[in-house]
Every structure is written in structure tokens, then in C-alpha cells.
Amino acid sequence: MTAYAYFPGCSAHGTAKEYDRSTQSVCAKLGIELEEIPDWVCCGASPAHAVNHLLSLALVAKNLDLSPSDTIVTGCAACYNRFKTTVHALQHDRPLWEQVKQIVQPTKLNGRDFRVLHLLEVIHEFGLEEVKERVVKPLKGLKVACYYGCLLVRPPKVMGFDDPDNPKKMDELIAAIEAEPVEWEFKTECCGAFHAVPHPEIVLRLTSNILQAAKDAGADVVSVACPMCQINLDLRQLDIQKRHKVTFNMPVLYFTQLLGLALGINKSELGFERLIVDPRPILKEKGLM
Amino acid sequence: MARIGVFICHCGENIARTVDVAKVRDALAKHPGVVHSVDYRYMCSAPGQELICNAIIEKKLTGVVVAACSPHMHEPTFRKACAAAGLNPYLCEMANIREHCSWVHSDREKATEKAIELVRFLVEKVKRNKPLEPIRVPVTKRALVVGGGIAGIQAALDIANGGYEVILVERQPSIGGHMAQLSETFPTLDCSQCILTPKMVEVRQHPNIRLLTYSEVEDVKGYVGNFEVTIRKKARYVNEEVCTGCGACIQRCPQKRIPSEFDRGLGRRTAIYIPFPQAVPNIPIIDREHCAYFRRGGCRLCEKECPRGAIDFNQQDQLLTEKVGAIILATGYDLIPSDIYSEYGGGRYKDVIDGLQFERLLSASGLTNGEVLRPSDGKEVKSVVFVSCVGSRDRAKGIPYCSKICCMYVAKHAILFKHKVHDGQAFVFYMDVRAAGKGYEEFVRRAVEEEGVVYLRGRVSKIYQQDGKLIVRGVDTLSGMPVEIPADLVVLATAIRASDGIVELAQKLGVPVDEHGFLSEAHPKLRPVETQVAGVFLAGACQAPKDIPDTVAQASGAASKVLAMFAQDAIEREPTIAKVNEQTCVGCFECQRACPYRVIERKEIRDRQSNLVKVVAYVNPGLCAGCGACTVACRNHSIDLEGFAEEQMFAELSAITAA
Amino acid sequence: MKQATEREQLTRTDETPILLTEEARRFTEEVIRRSGERVDWCYQCGKCTAGCPVAFAMDIEPSRIMRLVQLGQSERVLKSKAIWLCVGCQTCTTRCPQEIDTAKVMDTLREMALEREVAADKEVVTFFRSFLDNIRRYGRVFEPTLVLQYNLRSGHLLQDADKGPLMLSKGKLPLRPSRNGAIVRKIFDALGGRKR
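Chains as they are written, first to last, in the working numbering: chain A, -15 to 273; chain B, 429 to 1087; chain C, 2 to 197.
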């Protein structure tokens, strides 16, 4: 089985270290081979495409050039969106491709047919039935609000990931590990993204709406597939508390952490203690830890 | 000896600006065989035509060439003029020096040269034209109307009142169409059933109308004046002769929870049912798919209950063949599925419904007796949001057109809602309000000014459920404000589309359909009730989204065309069709294989003792369209086109190559 | 002549009059060309505004931005804060009935605003600049210096100061930056150095 080229994303060694660690552990456990792209660079995320479209294409193109495999997987929704958008643009716009090649001076890009996947897709490709068979600790009784955010699903013509308004891929995975995905309406509502830094009030308002909706739907925890979403929904609960006197106390976990728990991976590799709103009390309460 | 007259038109500036008509006239005057060559500003005008008539008589012309616009425009005009002067009209042809010359070129010198050549070639052809007589085809004076909605009903009544027989075929168990589902109609707020049912009863009782409901057209053969139609009368499992419509069977039927088609899934019906109380005919039908007897055997309670023994489980479909002279297509419309936008719930929310479903809620004879209640929990609706343009005017969904009637029925819905729920709130999201009909603008203003309906200009981005309400996220672009409205009920004005099955039916008839599935009229401006196929007409929403007044007008228009056709005993067809030389034809039937109109038949040539000599091809003169494909396929030149014979075409080509 | 200018003075208002000048038409054409999107197809339905998560905070809502682009109002559009509040969530692009990639148009407008040096949202521009400087230096984002640099440049010195110790204790802050900035610098240089 050939290895997937793994693009961790910049937060993987910092604020989203638990995502990277749990991802690696889960993949190792399932026998999914990940080969980190050597010398990978930042994909540019929002700032690059927002100020210079060639820059954003070039940064991703460089990573494609460095990639050992044509199939690339990432866990970050923003990186996933940038990679897919770039591959799509380059497949449909020859003149643009030439411009980008001038800038990047690639050595290994020609003739390659790139396939960009999000980690959720990789798990689905692996097979949810297979995952189910390997569950040692079914997460029974845990109600999970699956939060997809914006960039995983939009725009549907480019991303082709799932239904852009009521996606199901994460819900199905959560159901496969026998937790209970709740039905709720804020699956793809924006968290405010990078405004956590320049305009935090926007993030506080948008994340409050999301967390409240998750709470109203009866969720115990929120499950995410993107480091930006995670930090906005998790860390900023402190600011919501401080500035608006509202306490949600809603743990926000990476889906890989839940998956790892169900697969019986050692807790030290899952990083629950690194989350701001501690998920351990509720997990213990449900008898899952 | 050929004596050809050439008449060159200036067409005002259309031709004369680019082509030097005087030069053309002079050049043609010198052409062998041309004895008369003049130019005039407007040949199609009365004085212009007089020029032709006078020249024919004075100069004893044997042929006429009018160099002007396209024959599509004026060939009949000039041919009539020639006929009036005593010259066989088929000895007159038009050289197109407008669409083919002055309108597409700008170099005056070259355009004039080209015009001269175009006229010269045609003169060479016309020298070899033969006089032809139009073909007279007898007419069966009976009409077929396909579709029993208001369009079909109106057309059928008009033709029947004109004294001719009509067969009205409707595939639903009752006539009435969508108009029967409406509660009230704009702009008068007449009760829809009240104005429709008298017409439905009139159809049923009219001596000239044969009503075939629960029937479909299966095949059509033939041509204008002489169609042969096969109709499948589907089995109702109820004997129509015997049934009195007492309804005892319906009361007895134990299957009571089947979603009602008439109520668009909101209400329930039994397996043996009459679609609605005012149905015509008032005879029930058994739904095989849900009837317990047909599914598992047993039951048959309706049969036991019927006092007249009208239930017949062994009834079979019947195939009827009818001869008719004209067909009117009035197959109506349908709505696109209301789950078209996943951002509006993708069909998941019971309280997000479409316009026809709302009509059923409003209707006094509907599932809620006219009370506006939520389909999900039956609770009263206090706030309703109407969303316009759901699918319509949406390039991304492949529906770029406007569905025309929604702005009006949304205003109607809002007004009716306010009448029923005085303290209710109604909001309408719109992009534009299209209210061009008589009394329409005033009707919409009534909704705003008298009923207090709030109109918000903008599309809706998302609809989702929260705390038992539907949250509608839209915008009012006029004020620049995004708005969020919690509603009890949301009504989507979904786009209109052509009825199911129309494409297949059109194909059987050879009637073109546009890119959206609507039937194509023969000319969008001047021939709105005819199709490309002679003898086949159309009326109503099958052609394009349409409201009731326009539908009724168009239906009467189509009927008038049929009446005009039936007023004559025969129809005249253009004689420029294919003809077989039976002496030389060997009966290989390559022509039949080439013919796209399926008009070539087998003809037996017999001697006086009735022995078969040979079988040759025969062209049905009523059907041939004169395309000429057969003349190419024929290996020994035994088939040729009248008026466009090979000899004529070669003469034209020779003139071109000689130039 | 003098009479005309006097009348102009009398009837002039304080609002910027909308004139479709040559310059205005050129602006519209430039946006259409650079974004590759048919802004002229927009018929102002407002679905983008209705779905935009940050429209509530914008000075000019998205559908109005599109309208102003159609009318060539480069000043109002490029000096707006709205184009910097846009997060690129793609909701507008996904739902536009005229298939216009509105998010892409926003990208183009930002590029143009930076080129003309009229970008109006200090915080967002500072954040973007700090981010891009950061990856030029290290190749990958090094969060500690990113935050520090932003705080210094924006003047919000103590923003998220309370988070520092917490993040550190949870091991969420990387201690060492990566070392492949050269690759990124090469790309920036190929693009003609940094001007933004």
C-alpha cells in the first residue's frame, strides 16, 4: 500500500500539536502510511490568497513539487482548501499554470495527477466498516456535534467533499465509533477564521452562536477537523466568559482524538490535556476514560 | 422561349445602401432570356406588386424573379401577385440579395457584383421551372386535445361549440389540471373551483366532446388533416357505465393513509378514490400500487359495498385508435422539486412547502378546511415567509428564465393569509415584482398598502430550524440590511417546468422542444399557437410559464386555427415535394432508408390481369417535406423534387461556375 | 463659462456624485479581468449579503460592493473596511445564482487596494503582513513571533497577553522555528519582492 504524502500544516507543531499527534497515532494504528512532505512550507492559508493570488498558488505548487506522492492528505481544512483550489486552478487554466511555473521553477511537477484528500476522506477510503471492527472502546452515550466549518465543504464545485449545507462524513465516522452525532443546523457556519487576531469580537459572536446551537442540540462535545476552527471554538470560550459573562464549558475535540480513544490508543498520544476546555470530566462521566 | 421578368427591390435602405440596384437592373436587362428588368423601393408594397402584375400581362412573362429579401419573408406575397395576374405562382422565385448579400457585406462594389450573380443564377433556374398545382389533402373534421387543464378545456369547448367533434384526452383521473388545486385566482380572488367546475361540467355534457380521462396518447401517425392516434385508456377497475359516484366504496376502503397527489403529499386518500370532490368524471379509480387486493390478495371490500356492482378488478387497459384532423397540445406545467436548494433544507423540513401545497392549505375544500396550519404539527401559523425565485432566474441551477406567475401568486398568498389570520405576519422576499397584467400592479399594491405584507428585496441565503421555528436568513438590499425572520411556515415559489412526458410525446409528433423542455411555437411573435408540424397546435403553459387569462386566450386562439382548418374541405400543401418516376424505379428503397419523415411507401404496379409487375417507391404527397434526401440516395435518378429538379439545380450551378 | 461654474457651485451637494467616467469604466474592466469573474452579471439579488457571516460588521455589504464595482466606484470600494472583514468563507460563491465567485472578486479588490496603498483596515492588513513576514523568515508559521510582531505593529500590545502562559503550560507554543524560509523567500523574490 503506497503512502499518502502528509501535509501537517503550520499549527501542527504548535497550537494544534494534539491534532498532529493523534492523527499520526490513529493512522499508525489503522495501518495508513503517512509520509510527511520533506521541507514543506506554509500553504499561505488566508493571508496569501487575500493579498496576492499568484503567491498563494506558488506556495502550494512548491509543496506539490516537493511531494513524494501524487496523493496528498492534510488534516487542516484551510490547507486542504488551498491545495484543492490550486490543483483545480492549475488543471483548468494553462496560462496561469505557466505563470506559476515561472515563479516556482518546479522540477517534479510535469505529468503528475494530484489527488488532494482531507483526513476524513482517507478514513472513509479506509472503510468505516473496517474502523468499526477495530473499535475497542465504543464511545456509547457521548453526544457529539460534528462541526465542519467553511473550507472543508465550500465551494462544492471545487471541494466536492460532501453536501455543503448538511455534510455527513464526520457524522458517519462518529457513528461508526458508536458515539451519537447530534442533528444540528450550524455544521457549516463560519467561526470567524483569522479575525481571532485583528477583530476578535467577530469571532466571539460567531463562535457563541455555534456553541449555543451545539448546546441546544444536546451535544456533550463538539468535534472538529480544522486547527483554526478548534482554537476559535475552544480557546475563545475564555474570552466569551470574560467579556460577555457566558460560560459554555463545551469541550472541542479533534475527531482524531475521539477516534483514537475508540481505537484504544494510549491517552498520552491523544493530547486531551492540551485542550483549553478540558474534555476529560465529561469523558470520565460517560465511562469512556 | 423564355421571357423572364426581373424586379429588384431597394428595401428602403436595407439593400440599396450596400448594393447598387441600378447596376443590377442594367446587368440583368442584358442577360439572355430577360425581357423586363426594373428596380423599385419597396417591391412588397401594393404599388410594387402592381408592377409585377402589369409586367406579366404587358410583357407576357413566362417567369418572374424578385431580387429582394428572404423567401421566408415574402415568397407567398409575390407568388400571390403572380397568380392574380394569371401566371402560375411556382414560376416565380426570389433571389435573396438582403440576408445573403446587403446585410452581410460592406464593400459596395463587391456586394453589387455578388447581387448580380445571385439574380443571374436564379434566372437560369426559373427558366426551367414548371407550373405546379398545390396538393389538396382531405381533412378529417375531428380534433384531438391532449390535456384536460383549463387550456385543454377551453380549446375543446371552443371547437365543440364551433360544431365539430373533439376528443379530449387527460392522463389524470379527472380534468381540471392545476387550476382545480388552487383556492382562489388573482387578481379578482375568485374561487378557482367555482369558475372552473362549470366549464368542466360543460365538457362532460357537451354532445360534441368525447372525454377520455385516465388516458394517454400512445402513438400518432399521419399528417395534417389525417392523423391516426392511438390512445391508451388505462384501467380504472371501475365500470364507468354503471358507477353513479355515490362514494360508498371510498368510505369503505381500509387503506386510508396514502399521500394524496391532489394535495401534493400533504393530505391523505384511500386506495379507491376520487381525486377531489368536484372531479369530472365523478367516478373513482383504484390505485393498483396501494390497493390491498392487488398487492396481497383479499380485501375487495369496495366491490362488496358497491350497490351497483361497478367494481371490476379484471378490467384491462384499452387501446383505442382514432382518426383526427388536428391536434392541440395543452399538457400544462409542473413545479420543480422543492428540495432544489440544500441551503433551504433540501426537502428536510416539513414546514417548508411550495406554492401549490400552500394552495391546498388555503383551500376551503382542502385538507385543513382552509385553516392555515403547519404540516409538521398542525399548529396555527402566525408568521409566514414567502420566498420568490426559488430556482427561477438562477443560472447556477440551469433555470435562467422567469416563471412569470409567481410574483402574482405570492402576493395572492400573502393577501389570503392576512384575510385568514388577522394578527399574522407575512413577509415576501423578492428580487423584482413582475405584475404586468391587467389589474396586477394594483393587486400587489393592495398586498402592501391594505394588508400590511412586508416586502423585502433580496434573496434568501439559508433556512434552518431552531426552537420549533424556521429561521429565514435573507437580506433587504434596499436598506442594505441582512435580516433574519423566525417563521412558522415558509412557502417557496418554485420554478415552473414543462410536464413530465412532454418530450417523449413531442418526439412522437415531431414537434420541437426548447432547451428547457417547453414546446416550441412556430414563431415567437407571429405564430404563437402553431408548431412546426402542420396540424399540431399548442396552448397554455406547455409552451411557456403562463397565467390563466393568457392560457385561456391562447387556447381559444389554437381552437380558432383548428376551426379555420375544418372550415375547408381540403388543405392545400406546397407541391415542391418528391416524385417517383415509376418507369425507371427499381424498388431498391434506398430512398425510404434516407427519408427522415418516413413518407416513402411501397406501391405495387400490376398489369391488366392483376399480375404483379414490380414494386416501386411511392411518396405520400400529404407528408413529404421536400427535403431532397431521397434524391441523393436514389441510384438511378428515379426520384426528383418538383420545383427543385436536378436539371434546375445543375443549370444554377453551371451558371455559377461559368461566372 | 463663469455662469456655469456658479450654477455648479449652487447645486453641488456634499455627497460624491456618481459619474460613469472613463476611469470608472476602466476600474470595472480591471476588476473583471483580474478576477476572471463576470461582475457585470450580478443582478443584485443580495444572496451573498444574506449569507455572509460578517456582513453585520461591514461598512458596505457584499452585494453593494459588487454594485459599486459595476458603477466603477473605485474609491468607495478600495477604501472600504468591508473587503478586509471578508474571511473567504465561500458562502457567497457557493450560493450565487449567477455563478460569480464573489470571494475571488474580494481577493482581487484586496490586491488592488494594497497596490494603490489605500487599504483601510489597519488591524487586518497588519495581521496579514506579519503572517507573510513570518513565513518568509521561517518557511512555516512560528506562532510566538507572529503574535509578538502583530501586537507590536498594531499597537495592541497586550492583546491575548493572558493566553501566553496558558498556551505555554499546555505545550501549545512551539519553541523553535523551522528553518526553510529560503524556499519561501525565493518565491517572494520571484514575485518581485515585497510591497505589501
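We treat Cβ as the ideally placed atom computed from N, Cα and C, and that holds for glycine. Note that this is a predicted model, so its numbers are computed, not measured.
Under 9 Å, do PHE98(A) and PHE(-9)(A) count as touching if we go by C-beta distance?
-> For this step, residue 98(A) is matched to residue 114 along the first sequence. For this step, residue -9(A) is matched to residue 7 along the first sequence. No, they are not a contact pair.
Contact between the region 647 to 657 of chain B and the region 587 to 594 of chain B (3+ Cβ pairs under 8 Å) | Because the criterion of three Cβ pairs below 8 Å is not met, the region 647 to 657 of chain B and the region 587 to 594 of chain B do not touch.
Exercise for review: Inspect the CB distances between the region 688 to 696 of chain B and the region 572 to 592 of chain B and report whether three or more fall short of 8 Å.
Suggested key: Short answer: they don't touch.
Exercise. Please list the segments of the beta strand (DSSP E) lying wholly inside the region 804 to 854 of chain B, counting only runs of 3 or more residues, in order along the chain.
Key: For the region 804 to 854 of chain B, the full-length beta strand (DSSP E) segments reaching 3 residues or more read 811 to 818 along the chain.
query: If you draw a straight line from the alpha carbon of ILE21(A) to that of PRO148(A), how long is it in whole angstroms?
result: Position 37 of the first sequence, counted from the start, is the residue given in the question as residue 21(A). Position 164 of the first sequence, counted from the start, is the residue given in the question as residue 148(A). If I take the Cα positions, the gap works out to 29 Å.
inquiry  = Please confirm whether ASP155(A) has its beta-carbon closer than 9 Å to some beta-carbon of chain B.
reply    = As a working mapping, residue 155(A) is identified with position 171 in the first sequence. ASP155(A) does not count as touching chain B.
Listed in chain order, which residues of the region 127 to 158 of chain A have Cβ atoms closer than 7 Å to some Cβ of chain B?
Residues are counted here when their Cβ sits less than 7 Å from a Cβ of chain B; for the region 127 to 158 of chain A these are ASP147, PRO148, ASP149 and ASN150, given in chain order.
Self-check item: Cβ neighbours of GLU612(B) in the same chain (closer than 8 Å, five flanking residues each side left out)
Solution: The residue you call residue 612(B) lines up with position 184 of the second sequence. ASP618, CYS619, SER620, LEU790, LYS840 and LEU844, listed in sequence order.
Thinking C-beta only, is GLY819(B) closer than 9 Å to ALA972(B)? Walking along the second sequence from the start, residue 972(B) turns up at place 544. Walking along the second sequence from the start, residue 819(B) turns up at place 391. When the beta-carbon positions are compared, ALA972(B) and GLY819(B) stay at least 9 Å from each other.
With which residues is PRO165(A) paired in a DSSP beta bridge?
On the first sequence, position 181 is the one that residue 165(A) refers to. According to DSSP, residue pairing for PRO165(A) in a beta bridge involves VAL128(A).
> If the cut is a Cβ gap below 7 Å, which residues of chain B does GLU185(A) touch?
Replying inline: Numbered from 1 along the first sequence, position 201 holds the residue referred to as residue 185(A). Here the premise fails: no neighbours, minimum Cβ distance about 17 Å.
Touching by the beta-carbon criterion (3+ pairs, under 8 Å), the region 444 to 460 of chain B and the region 499 to 516 of chain B: Cβ pair count under 8 Å is below three, so no.
**Prompt:** How is VAL187(A) classed by DSSP in three states: helix, strand or coil?
**Reply:** On the first sequence, position 203 is the one that residue 187(A) refers to. Here DSSP, grouped into helix, strand and coil, assigns VAL187(A) to helix.
Would the beta-carbon of GLU750(B) fall within 9 Å of that of LEU572(B)? As a first step, residue 750(B) is located in the second sequence; it is residue number 322 there, counting from the start. As a first step, residue 572(B) is located in the second sequence; it is residue number 144 there, counting from the start. Contact flag set, yes.
Compare the C-alpha of ALA29(A) against each of PRO265(A), GLY(-2)(A), ALA177(A) and GLY248(A) and name the closest. Stepping through the first sequence from its first residue, residue 29(A) is reached at position 45. Closest option to ALA29(A), judged by alpha-carbon separation, among PRO265(A), GLY(-2)(A), ALA177(A) and GLY248(A): ALA177(A).
- request: Sort GLU144(C), VAL40(C) and GLU31(C) by Cα distance to PRO178(C) and report the nearest one.
  value: In the third sequence, residue 178(C) corresponds to position 177, counting from 1. Closest option to PRO178(C), Cα to Cα, is GLU144(C).
Straight-line Cα distance separating CYS46(C) from GLY476(B) = Translated into positions along the second sequence, residue 476(B) becomes position 48. Translated into positions along the third sequence, residue 46(C) becomes position 45. Their Cα atoms are separated by approximately 53 Å.
Any beta-carbon of chain C closer than 9 Å to the one on ARG264(A)? The residue you call residue 264(A) lines up with position 280 of the first sequence. For ARG264(A), the answer is no, since every Cβ of chain C falls outside 9 Å of its Cβ.
Per-residue burial, GLN99(C) [other beta carbons within 10 Å of its own, 16 or more giving buried]: Residue numbering aside, residue 99(C) sits at position 98 when the third sequence is read from its first letter. By the neighbour-count rule (16 or more Cβ atoms within 10 Å), GLN99(C) is buried.
Three-pair Cβ contact test at 8 Å for the region 775 to 787 of chain B versus the region 893 to 909 of chain B: Flag = yes, the region 775 to 787 of chain B and the region 893 to 909 of chain B touch.
Requested in this report: Pick helix, strand or coil for ASP421(B), following the three-state DSSP scheme.
Outcome: No statement about residue 421(B) is possible, as the shown extent of chain B runs from 429 to 1087 and does not include it.
Fill in: Candidates LYS627(B), GLY675(B) and ARG536(B): closest to GLU733(B) by CA position
Walking along the second sequence from the start, residue 733(B) turns up at place 305. Looking at the Cα atoms, GLY675(B) is the closest of the given residues.
**Q.** Three-way DSSP call (helix, strand, coil) for CYS619(B) in this model
**A.** Position 191 of the second sequence holds residue 619(B). It is a strand residue.
Checklist entry - Considering ASP108(C), what are the terminal residues of the alpha helix (DSSP H) in which it resides? => result Locating residue 108(C) in the third sequence gives position 107, where the first residue counts as 1. Boundaries of the alpha helix (DSSP H) around ASP108(C): 103 to 116.
Can you grab the Cα-Cα spacing for the pair VAL463(B) / LEU456(B), in whole Å?
Your numbering for residue 463(B) matches position 35 in the second sequence. Your numbering for residue 456(B) matches position 28 in the second sequence. So the alpha carbons of these two residues sit roughly 9 Å apart.
Quick check on GLN894(B): does DSSP put it in helix, strand or coil? Your numbering for residue 894(B) matches position 466 in the second sequence. Assignment of GLN894(B) by DSSP, reduced to helix, strand and coil, places it in the strand class.
Notebook entry, point to check: Does DSSP classify PHE946(B) as helix, strand or coil?
Noted result: Against the second sequence, residue 946(B) aligns to sequence position 518. The answer is coil: DSSP assigns PHE946(B) none of H, G, I, E or B.
* Output yes if chain B places a C-beta closer than 9 Å to the C-beta of GLN71(C); else output no. => Here the question's residue 71(C) lines up with position 70 in the third sequence. Chain B contact via Cβ: absent.
Open item on the list: Comparing C-alpha positions only, which one of LEU169(C), THR109(C) and ARG138(C) sits nearest to HIS33(A)?
Closed with: Looking up residue 33(A) in the first sequence gives position 49. The shortest Cα separation from HIS33(A) among LEU169(C), THR109(C) and ARG138(C) belongs to THR109(C).
Check your understanding: Does the separation of the CB atoms of ALA203(A) and TRP168(A) fall below 9 Å?
Key -> Here the question's residue 203(A) lines up with position 219 in the first sequence. Here the question's residue 168(A) lines up with position 184 in the first sequence. Yes, Cβ-Cβ distance for ALA203(A) and TRP168(A) is below 9 Å.
query = Between the region 632 to 652 of chain B and the region 900 to 919 of chain B, are three or more C-beta pairs nearer than 8 Å?
reply = No contact exists between the region 632 to 652 of chain B and the region 900 to 919 of chain B.
### Residue environment, LEU550(B), which counts as buried when at least 16 other CB atoms sit within 10 Å
Position 122 of the second sequence, counted from the first residue, corresponds to residue 550(B). So LEU550(B) ends up on the buried side.
Worksheet item: Quick one: is ASP23(A) near chain C, going by C-beta distance under 9 Å?
Response: As a first step, residue 23(A) must be located in the first sequence, where it is residue number 39. So yes, ASP23(A) belongs to the interface.
Item checked: GLY575(B) beta carbon less than 9 Å from that of CYS757(B) -> One-based indexing of the second sequence puts residue 757(B) at position 329. One-based indexing of the second sequence puts residue 575(B) at position 147. Looking at the sequence itself, residue 757(B) is Leu, so the reference to Cys does not match. Result yes, Cβ atoms of LEU757(B) and GLY575(B) sit closer than 9 Å.
Practice task
Please check if any C-beta of chain C sits within less than 9 Å of the C-beta of ARG189(A).
Solution key: By 1-based counting over the first sequence, the position of residue 189(A) is 205. With 9 Å as the cut-off, ARG189(A) counts as an interface residue toward chain C.
GLY673(B) versus ASP860(B), ILE713(B), THR658(B) and ARG685(B), residue with shortest Cα-Cα distance: Locating residue 673(B) in the second sequence gives position 245, counting from the first residue. Cα-wise, what sits closest to GLY673(B) is ILE713(B).
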